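S.K.: Take a look at this one; I'll ask things after.
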Amino acid sequence: MAKRVGIEVSLAISEAVKLAQVDAVAAYPITPQTHIVEHLSELVAEGELDAAFIPVESEHSAMSVCAGTSAAGARTYTATSSQGLALMNEILFIIPALRLPIVMTIANRALSGPISIWNDHSDIMSVRDTGWIAIFAENGQEAFDLTLQSFKIAEDHRVLLPISVNIDGFTLSHVIEPHEFLDQEEVNRFLPEYKPAVQLNPDDPVSMGAVGVPEIYAEAKKCQDEVLKGSITVIKEVFAEFAEMFGREYKVVETYQAEGAETLLLTMGSVGETAMEAIDQLRAAGRKVGLVRLRLWRPFPAADLRAAVRGIKTLAVIDRAVSFGGTGGPVAGEVRSALYSVKDAPYVASFITGLGGRDITVDDFIGMANQAEAMAKANEIHEYKMIGVRE
Amino acid sequence: MIEVRVHGRGGQGGVTSAEMLAIAAINEGKFAQAFPSFGPERRGAPVVAFARVSEKRIRNRTKVYTPDVVMVLDPSVLSIVDVTEGLKSDGMLVINSAKSIAELRSEFGFKTSLARVDATHIALQELGLPITNTTMLGATVKAAALVPVEALVGPLEARFGRIAAKNIKALHRAFAETEIEMV
C-alpha cells in the first residue's frame, strides 16, 4: 500500500490533473475552487507540467477556451464553483453536443443571493440538463481517484462527453487529510494518451458546431442522450479496471449497512461520510437503517438505485439544493420518478438541508431517519420539508 | 479520536497550526483532518480552525463541536470568546498567556485541565514577531498526546523553509516551558 500523504484535497486534485498530463488548462479563480487551478498554474510555471495554462477574464471565456483546446485535440481541464459555473452556462450546453471530453472539477458552492461562498449543491443542480456526466466524490481520496478515472471515461470513443467531478466546497476542498497517490508510471498504465476521434486541424479541416435545422436537430439530441445514457457501461468498466489495478473500488450507487435495512438515507457528496457515523449509532441501537450514496448524478443510475432500495420500506432523500416551488428536492424528484412504477416501492421522504454551508450533523441524520419513518407510517403526503430552519 | 479547536486572530497562523498537527499525525501513520472555519479571512478578527487525529479513518466532516483540546494562540480572545464552549469535561485547554495557571483560573473560571506558556514572549525572542502558532504547537503536544514533538519538525521544515529553524526552536522551547495542571 502506498504511503498516506497529508495534503489539502484541492492540491491532491491538482496532482491528479498533473499525473493525467493534461495539455491545456483554462480557468478563472473563484472561491472555493481557487487552490486547484492556482496550484496547477504553479506546476506549469515550474515546468513540472507541460501544459498550456491559459488565464482568462471570466468563466464564460474559460469554458470557451476549453472548447477550443479540446476541439483541437488537447486533453483539457478546468475547475469552477457557483457563480462561475453559472457564467459558463451558455457554453456548457455546447461541449457535450460537440462531443468534447473536458474534465472539470466543481467545488460545489451555493448560488447568490444572498451572497454565499459556502457549500451546497445549488450550482451543480442548475446545470443538470446541460448533458455533462456528473460524478460526486465523498473524500479527498475519491476526488483524486475519480479525477483520473474521469479522463479515461470521457475520452473513451464510446463516450466522448465532458465530465464534472463534484467535490463539496470547503468541506472537501479546504481540508487537509490523508491521500494515497499513484505514481506517473501507474497512471500511464491506467490512462492511455488521448486520441481524438475528430479534431480541428488546418491541414485536414472539419466543421464543428454547425446549424441543426429542424430536419436534423431532434436526431442530434437523441444521439446525444443515447450516448450519455450508454456512458454508464463505460463508467462501470473504468471503475472495475481501476479497482483491479489499484484496489480501490467505486460503484455508481454505493451502499453502507443496507443489508436487511428497512429504512435507507440517501445522500450525495461528502455528507455521506458523516451519515455513516449516524448509521453506526442507529444500528448499535438495533435499528434497521442503512445508507445509499449516489456517486453518479448524470446519467442517473436508475436501475442501480432500484436494485439498492429493493424491499425497503422508507427512503429518506437528503437534498442540498432547492427546486423552488417544485415537488421535491432535485434528487428526491429524480428518485421518485425512478421508483414510481416499481411495485411495492418505498415511501420517499424528501428533506432539504445543509444549504449555504450549514452543517448536517450526526444527530441531524438520526433525526431525519426518525422523521422519515414516522412520515412513512402515517403515509404523509408531502412535497418536501426543509430541515433545521429557524422560524 | 482527539478533536482540536484552535482560537486565534486572523493572520496569526491558527489554520497553519491545525494543518501542521494533521500532517505530523498522518506522517506518523495516523489519520487526521485539519480545516479552517470556512469563510472570508478577516485579519485581526477572532477566528477558529479545527483538527481531528485518530487511529482509525475519520468520517465525521462537521465542525468540531465538542473538542478534547482547545488551543488559544492569543490571550486577548479570552475576554471576547468563550474558548471553553463544548470543551469536554476531561478536555485540555492550552493557553498562550503571561499569567499563571492560578490567575487564569480565577479570572476566567476555567474548570478543566489547563496548560499555559508565555508563547508571545518566546515568539518575540525566537522569531522577532508575536506570531505564536508554531510556539503553541509545542505547548499543545506537551499537554495532549497528539503526536511526539519531533513529528512536527518535518512539517515545519516543509512549510517554513529558511525560517523553519527559528520556528522549530520556538516549538521546542515552548514544549520545555509549558506548565500543566491536570484536574
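Protein chains in written order, with this note's numbering: chain S, 2 to 392; chain R, 1024 to 1206. Here a beta-carbon is modelled for each residue, glycine too, at the ideal position from N, C-alpha and C. In this text the structure is predicted, and so the values were computed from the model without any measurement.
In chain order, which continuous runs of the alpha helix (DSSP H) of length 4 or greater are located wholly inside the region 311-378 of chain S?
M.R.: DSSP runs (the alpha helix (DSSP H)) wholly in the region 311-378 of chain S: 331-340, 363-378.
S.K.: Measuring CB to CB, does residue 267 (chain S) end up less than 8 Å from residue 291 (chain S)?
M.R.: In the first sequence, counting from the first residue as 1, residue 267 (chain S) sits at position 266. In the first sequence, counting from the first residue as 1, residue 291 (chain S) sits at position 290. Not closer than 8 Å, so no.
S.K.: Residues of chain R with a CB under 9 Å from the CB of residue 394 (chain S): which are they?
M.R.: The structure shown does not extend to residue 394 (chain S), since chain S spans only 2 to 392, so no value can be given for it.
S.K.: Among the residues of its own chain, which have a CB less than 6 Å from the CB of residue 270 (chain S), if the five just before and after it don't count?
M.R.: For this step, residue 270 (chain S) is matched to residue 269 along the first sequence. For residue 270 (chain S), where only same-chain residues beyond five positions count, the Cβ hits under 6 Å are 137, 169.
S.K.: Answer yes or no: does any C-beta atom of chain R fall closer than 8 Å to that of residue 269 (chain S)?
M.R.: Against the first sequence, residue 269 (chain S) aligns to sequence position 268. Residue 269 (chain S) does not count as touching chain R.
S.K.: Is the shortest distance between the beta-carbon of residue 298 (chain S) and the beta-carbons of chain R less than 8 Å?
M.R.: Locating residue 298 (chain S) in the first sequence gives position 297, counting from the first residue. No, because no Cβ of chain R sits closer than 8 Å to the Cβ of residue 298 (chain S).
S.K.: In the DSSP output, which residue or residues are listed as bridge partners for residue 1069 (chain R)?
M.R.: Start at 1 with the first residue of the second sequence, and residue 1069 (chain R) comes out as number 46. Answer by DSSP bridge pairing, in chain order: R:1032.
S.K.: Determine the DSSP secondary structure at residue 169 (chain S), reduced to helix, strand or coil.
M.R.: Within the first sequence, residue 169 (chain S) is the residue found at index 168, counting from 1. If DSSP states are grouped into helix, strand and coil, residue 169 (chain S) belongs with the strands.
S.K.: State the start and end residues of the unbroken alpha helix (DSSP H) segment that holds residue 1050 (chain R).
M.R.: For the purposes of this step, residue 1050 (chain R) is taken as residue 27 along the second sequence, with counting starting at 1. It spans 1037-1050 - the alpha helix (DSSP H) in which residue 1050 (chain R) sits, taken as one unbroken run.
S.K.: For the candidate residues S:355, S:243, S:177, whose alpha-carbon lies nearest to that of residue 1056 (chain R)?
M.R.: For this step, residue 1056 (chain R) is matched to residue 33 along the second sequence. The option with the nearest alpha carbon to residue 1056 (chain R) is S:177.
S.K.: Would you mind telling me which residues of chain R sit closer than 7 Å to residue 206 (chain S), beta carbon to beta carbon, in chain order?
M.R.: Here residue 206 (chain S) refers to the residue found at position 205 of the first sequence. By Cβ distance, chain R contributes nothing, its closest Cβ being about 49 Å from residue 206 (chain S), past 7 Å.
S.K.: Can we say the region 1040-1059 of chain R touches the region 1103-1120 of chain R, given the rule of at least three CB pairs closer than 8 Å?
M.R.: They do not touch, by the three-pair rule.
S.K.: Which residues in chain S have a C-beta closer than 8 Å to the C-beta of residue 1085 (chain R)? List them in chain order.
M.R.: For the purposes of this step, residue 1085 (chain R) is taken as residue 62 along the second sequence, with counting starting at 1. Per Cβ cutoff of 8 Å: 275, 360, 361, 362, 363.
S.K.: Please list the terminal residues of the continuous alpha helix (DSSP H) segment that includes residue 1195 (chain R).
M.R.: Numbered from 1 along the second sequence, position 172 holds the residue referred to as residue 1195 (chain R). First-last of the alpha helix (DSSP H) with residue 1195 (chain R): 1187-1200.
S.K.: From residue 82 (chain S) to residue 320 (chain S), what does the alpha carbon distance come to, in whole angstroms?
M.R.: Counted from its first residue, the first sequence places residue 82 (chain S) at position 81. Counted from its first residue, the first sequence places residue 320 (chain S) at position 319. The alpha-carbon atoms of residue 82 (chain S) and residue 320 (chain S) are separated by roughly 18 Å.
S.K.: On the DSSP letters alone, give me the boundaries of the alpha helix (DSSP H) that residue 1130 (chain R) sits inside.
M.R.: By 1-based counting over the second sequence, the position of residue 1130 (chain R) is 107. First-last of the alpha helix (DSSP H) with residue 1130 (chain R): 1124-1131.
S.K.: For the region 171-188 of chain S, list every residue whose C-beta sits within 7 Å of some C-beta in chain R, in sequence order.
M.R.: Going along the region 171-188 of chain S in chain order, one finds 171, 172, 175, 176, 177, 178, 179 with a Cβ nearer than 7 Å to chain R.
S.K.: Measure from the C-beta of residue 290 (chain S) to each C-beta in chain R and report whether the shortest distance is under 8 Å.
M.R.: Position 289 of the first sequence, counted from the first residue, corresponds to residue 290 (chain S). Answer no: the Cβ-Cβ gap between residue 290 (chain S) and chain R never drops below 8 Å.
S.K.: Pair every Cβ in the region 1033-1040 of chain R with every Cβ in the region 1164-1181 of chain R, then say whether three or more of these pairs are closer than 8 Å.
M.R.: Contact between the region 1033-1040 of chain R and the region 1164-1181 of chain R is absent, because fewer than three Cβ pairs lie under 8 Å.
S.K.: Less than 7 Å separating the Cβ of residue 212 (chain S) from some heavy atom of the ligand COA?
M.R.: Of the ligands one can find in the structure shown there are none, so the ligand COA has no counterpart to examine.
S.K.: CA-CA distance, residue 24 (chain S) and residue 230 (chain S)?
M.R.: Here residue 24 (chain S) refers to the residue found at position 23 when the first sequence is read from its first residue. Here residue 230 (chain S) refers to the residue found at position 229 when the first sequence is read from its first residue. Roughly 28 Å separates the two Cα atoms.
S.K.: Which of helix, strand or coil does DSSP assign to residue 1089 (chain R)?
M.R.: Walking along the second sequence from the start, residue 1089 (chain R) turns up at place 66. Coil at residue 1089 (chain R), not helix or strand.
S.K.: What's the call for residue 217 (chain S), buried or exposed, on a 16-neighbour Cβ count within 10 Å?
M.R.: Here residue 217 (chain S) refers to the residue found at position 216 of the first sequence. Exposed, because fewer than 16 other Cβ atoms sit within 10 Å of the Cβ of residue 217 (chain S).
S.K.: By DSSP, does residue 5 (chain S) sit in helix, in strand, or in coil?
M.R.: Indexing the first sequence from 1 puts residue 5 (chain S) at position 4. It is a strand residue.
S.K.: Consult DSSP for residue 188 (chain S) and reduce its assignment to one of helix, strand or coil.
M.R.: In the first sequence, counting from the first residue as 1, residue 188 (chain S) sits at position 187. Three-state DSSP puts residue 188 (chain S) in a helix.
S.K.: Need the endpoints of the alpha helix (DSSP H) that residue 1115 (chain R) sits in, please.
M.R.: By 1-based counting over the second sequence, the position of residue 1115 (chain R) is 92. Premise fails: residue 1115 (chain R) lies in the beta strand (DSSP E), 1115-1119, not in any alpha helix (DSSP H).
S.K.: Is there contact here, the region 124-137 of chain S with the region 187-200 of chain S, by at least three beta-carbon pairs under 8 Å?
M.R.: Verdict: no, contact absent.
S.K.: Between the Cα of residue 326 (chain S) and those of S:112, S:383, S:257, S:221, spot the shortest distance and give me the residue it belongs to.
M.R.: Working through the first sequence from its first residue, we reach residue 326 (chain S) at position 325. The shortest Cα separation from residue 326 (chain S) among S:112, S:383, S:257, S:221 belongs to S:383.
S.K.: Can you give the Cα-Cα distance for residue 1082 (chain R) and residue 1024 (chain R), rounded to whole angstroms?
M.R.: Residue mapping note: residue 1082 (chain R) aligns to position 59 of the second sequence, counting from 1. Residue mapping note: residue 1024 (chain R) aligns to position 1 of the second sequence, counting from 1. Going from the Cα of residue 1082 (chain R) to the Cα of residue 1024 (chain R) covers about 11 Å.
S.K.: Report the neighbours of residue 245 (chain S) on chain R: residues whose CB is nearer than 7 Å to its CB, in chain order.
M.R.: As a first step, residue 245 (chain S) must be located in the first sequence, where it is residue number 244. Here the premise fails: no neighbours, minimum Cβ distance about 23 Å.
S.K.: Rounded to a whole number of angstroms, what is the C-alpha to C-alpha distance between residue 1164 (chain R) and residue 7 (chain S)?
M.R.: Taking the second sequence and counting its residues from 1, the one referred to as residue 1164 (chain R) is at position 141. Taking the first sequence and counting its residues from 1, the one referred to as residue 7 (chain S) is at position 6. Spanning the two alpha carbons is a distance of roughly 18 Å.
S.K.: With 16 other CB atoms within 10 Å as the buried threshold, where does residue 342 (chain S) fall?
M.R.: Position 341 of the first sequence, counting from 1, holds the residue named residue 342 (chain S). Residue 342 (chain S) comes out exposed.
S.K.: Can you pull the chain S residues whose beta carbon is under 8 Å from the beta carbon of residue 1082 (chain R), in chain order?
M.R.: The residue given as residue 1082 (chain R) occupies position 59 in the second sequence. By Cβ distance, chain S contributes 274, 275, 277, 278.
S.K.: Would you kindly check if the distance between the Cβ of residue 1026 (chain R) and the Cβ of residue 1070 (chain R) is under 8 Å?
M.R.: Counting from 1 along the second sequence, the entry for residue 1070 (chain R) is found at position 47. Counting from 1 along the second sequence, the entry for residue 1026 (chain R) is found at position 3. In this structure, residue 1026 (chain R) does not lie closer than 8 Å to residue 1070 (chain R) by Cβ.
S.K.: Does the beta-carbon of residue 26 (chain S) have 16 or more other beta-carbons within 10 angstroms, so that it is buried, or is it exposed?
M.R.: Position 25 of the first sequence holds residue 26 (chain S). Buried is the call here.
S.K.: Which residues in the same chain have their Cβ closer than 8 Å to the Cβ of residue 175 (chain S), if we skip the five residues on either side of it in sequence?
M.R.: As a working note, residue 175 (chain S) is residue 174 in the first sequence. Here the set comprises 9, 10, 11, 33, 36.
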